[in-house]
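Worksheet: the structure to be examined is printed underneath.
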Amino acid sequence: RNVSGVTSYTTWDKNQHIPQYCGSCWAQAVTSMLSDRISIQRNGTWPPINLAPQVLINCEYGGDCEGGDPDQALSKIQRHGLPDQTCQAYLAHDVGKCDAMHRCEECFGGNTSETLWPGTCHAIRKYKKWYVSDFGSVTGAEDMKKEIFVNG
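Plus 8 on top of the position in the sequence shown (first one is 1) and you've got the working numbering.
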């Protein structure tokens, strides 16, 4: 729908299998849906907010690279919040840790070609989290359109 001359409030497309195979469609779907809703509620203002699917995987907020449950992920996000992707890049890998470093980190490359990657990383303790106030389900295209129009 074209609203005020802006043709799309959706965030970018993602491929759950890059950089490697990972059955994280559940995490990609949840974070894409929420990111799009945030964009709609913010009237598409810059910068776009893209929530971090890797944190859902790291913290087992609904599943891992072998699959998961979107409702469990939404429930965890409602209780614990979720950072955006600038906090935790998508690795397509089950890290198996949900410590501070695996929820939000900042990394700096080394000074030589040998130390450039992975460089050094440290946990960020204070960062913005996005929460879900309520969630449920609707069926049918018209009900979905109404829900998005009313709640972003």
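We put the CB at the ideal spot given by N, CA and C, even for glycine.
In angstroms with no decimal places, state the Cα-to-Cα distance between residue i and residue j.
i	j	result
Met-162	Asn-119	In the structure displayed, the chain extends from 9 to 160; residue 162 sits before or after that span and is not available.
Leu-59	Leu-82	12 Å
Tyr-139	His-88	7 Å
Gly-31	Pro-61	12 Å
Gly-117	Phe-143	40 Å
His-107	Cys-129	Here residue 107 turns out to be Asp, not His, going by the sequence shown. Whole-angstrom Cα-Cα distance: 13 Å.
His-24	Gly-70	As written in the sequence, residue 24 is Gln, which differs from the His given in the question. Going by the C-alpha atoms only, they are around 16 Å apart.
Met-41	Lys-105	25 Å
Lys-22	Thr-94	15 Å
Trp-54	Arg-111	23 Å
Mind checking residue i: buried by the 16 CB within 10 Å criterion, or exposed?
i	result
Cys-115	exposed
Lys-136	exposed
Lys-134	exposed
Tyr-17	buried
Can the beta-carbon of residue i be found closer than 7 Å to that of residue j?
i	j	result
Ala-37	Leu-64	no
Ile-162	Asp-92	Outside the shown range of the chain, which is 9 to 160, sits residue 162, and nothing can be said about it.
Asn-66	Val-103	yes
Quick one: does residue i have its CB under 7 Å from some CB of chain B?
i	result
Arg-111	The displayed structure is made up of one protein chain only, and chain B is not part of it.
For residue i, does the three-state DSSP call read helix, strand or coil?
i	result
Phe-143	coil
Leu-82	helix
Legend entry - Three CB pairs or more closer than 8 Å across the segment 136 to 152 and the segment 96 to 109: no
Legend entry - the segment 42 to 56 in contact with the segment 68 to 81 per 3-pair CB rule at 8 Å: no
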